[in-house]
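Its first residue numbered 3, the sequence shown is counted upward by one per residue in the working numbering. Down below is the structure, laid out as structure tokens.
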Amino acid sequence: MSITESHPPALRSLINDGEAPVEPVLIQDKDIQIPVIDLERLDKEILTQACKELGIFRLENHGIPLTLTSRLQEISESLFRLPSENKREMFAGVKSPISYFSGTGALSRSGDALKRDPSHVNLVEGLNVPLSKLPASKISCDDDDSQEAKLESFRVLMEEYGRHMSRIAVSMFEAMVQTLNLELSDEQKSEYLSESTGNIRVYRYTPSSGEALGLEVHTDSSVIAIIKEDEVGGLQIMKGEEWFRVTPVANTLIINLGDMMQVISDDEYKSVKHRVKVEKSSKTERHSVCYFVFPKRESVIKSSKYKPFTYAEFEAQVQADVKSHGTKIGLPRFTPKSPLFL
Ligand SMILES: O=C(O)CCC(=O)C(=O)O
Ligand SMILES: [Fe+2]
């Protein structure tokens, strides 16, 4: 992959030689077909099994128009192609609620990349889009070819795509609550899956000639994550002790269960461990659009396996661990045995 001025200077040596250490690859990567759920005829048995065994499944018949996803792909790619300096300036400060980051997926509350040591730098760039702040950030512009016009189209597309994400997340969560036989009131449901927390990240992964990772191993902190990836591939999941490549399937979405779903389900359902590896042989960049939705920040989440905590506390702990340990520790911090609670 050749470096262009659109690549952040801090990532250029990684693209060239990929010196970054990779977590030990336990066993040869293999392909996996993840279970498929049809949103129009939801099969509860397949859903239950997928959530228990893997924490990930594919969604088809999701109702998102192809024209929307292809317009979104086109405009995101053109934003990423801008010189890296322009990207930093365009999204810096208070000008826009959208932030631009690179080198890591670990972000601060305001959407800026957390500082990582060189062994945790990943070959990724992204735009972080807090959906609830979009309506107030309308940009007016006269010139259709200007950067402002491009940003405004991106904002409008994100709003539309975000509405689809919210719709899908609510119906999937509803189905999971049913399969778990959880007796939650409507109010509890909307606290556990709070639509106003919806957030989208748009990513560009540049392949390296070495072994660098696009995103290091992690579980998502959210209740649910919804991934739309292009045809390049690179997402891998851990099942047992092995890594498996998830092969892309056109016009489908991937749903990941996150840490909060694991807690809400009392560990019945799994938060899937995953990473993004941009294949060495790949000549093409990979683009993905990922939606995350969380519990209401101040609501206490109760379960039998973990200490009661709020999402705000969980997030603060993750950020403290990234700072002090270099990486997220996540749920083990909240078990009764964790030193945090002794
Ligand atoms: O880009 C992807 O396919 C996955 C991104 C991801 O795992 C994340 O943002 O947490
Ligand atoms: Fe993830």
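Glycine residues also receive a C-beta, built at the ideal position from the N, C-alpha and C atoms. In this text, all values refer to a predicted model and were calculated from it rather than measured experimentally.
Exercise. For residue 258, which residues does DSSP report across the bridge?
Worked result: The beta-bridge partner set that DSSP reports for residue 258 consists of 58, 227.
Exercise. Would you call residue 344 buried or exposed, if buried means 16 or more other Cβ atoms sit within 10 Å of its Cβ?
Worked result: Because residue 344 carries a pLDDT of 42, less than 50, the predicted location of this residue cannot be relied on, and the following value inherits that uncertainty. Residue 344 comes out exposed.
Exercise. Should residue 237 and residue 248 be called a contact, given that it needs their Cβ atoms to be closer than 7 Å?
Worked result: Their beta carbons are under 7 Å apart, which means residue 237 touches residue 248 by this criterion.
Exercise. With which residues is residue 247 paired in a DSSP beta bridge?
Worked result: Answer is 33, 238, bridged to residue 247.
Exercise. Just how far apart, CA to CA, sit residue 114 and residue 10?
Worked result: Our two residues, residue 114 and residue 10, have alpha carbons roughly 15 Å apart in a direct line.
For this session: Compare the C-alpha of residue 217 against each of 67, 104, 81 and name the closest.
Result: Among 67, 104, 81, the Cα nearest to that of residue 217 belongs to 104.
Problem set entry | Contact test: residue 261 Cβ vs ligand 2 heavy atom, cutoff 6 Å | No, the beta carbon of residue 261 sits no closer than 6 Å to any heavy atom of ligand 2.
For this session: Within the region 277 to 314, note down every full beta strand (DSSP E) run reaching 3 residues or more, in order along the chain.
Result: Runs found: 288 to 296.
For this session: Run the proximity test for residue 237: is its beta-carbon closer than 6 Å to any non-hydrogen atom belonging to ligand 1?
Result: Of the heavy atoms belonging to ligand 1, at least one sits nearer than 6 Å to the Cβ of residue 237.
For this session: Less than 8 Å between the CB atoms is what I'm expecting for residue 129 and residue 203, so what's the real figure, rounded?
Result: 7 Å between Cβ atoms; contact.
Exercise. Exposed or buried, which one is residue 53 when buried takes at least 16 other CB atoms within 10 Å?
Worked result: The residue in question, residue 53, is buried, as its Cβ has 16 or more Cβ neighbours within 10 Å.
Problem set entry | Opening and closing residue of the beta strand (DSSP E) in which residue 103 lies | Counting along the chain, the beta strand (DSSP E) containing residue 103 begins and ends at 101 to 104.
For this session: Under the assumption that residue 272 contacts residue 34 (Cβ atoms under 8 Å), give the Cβ distance between them as a whole number of angstroms.
Result: 15 Å between Cβ atoms; not a contact.
Exercise. When DSSP labels each residue in this structure, what does residue 9 get in the three-state scheme?
Worked result: Residue state, collapsed to three classes: coil.
For this session: Kindly provide the ranges of any alpha helix (DSSP H) runs that are 4 or more residues long and lie completely inside the region 187 to 219, ordered along the chain.
Result: If only complete runs of 4 or more residues are kept, the region 187 to 219 shows the alpha helix (DSSP H) at 188 to 194, in order along the chain.
For this session: Could you spell out where the alpha helix (DSSP H) holding residue 42 opens and where it closes?
Result: No alpha helix (DSSP H) contains residue 42, which DSSP labels as neither H nor E.
For this session: Identify whether residue 332 lies in helix, strand or coil by the three-state DSSP scheme.
Result: Coil, per DSSP.
Exercise. Does ligand 1 have even one heavy atom less than 6 Å from the beta-carbon of residue 290?
Worked result: Residue 290 Cβ: within cutoff of ligand 1.
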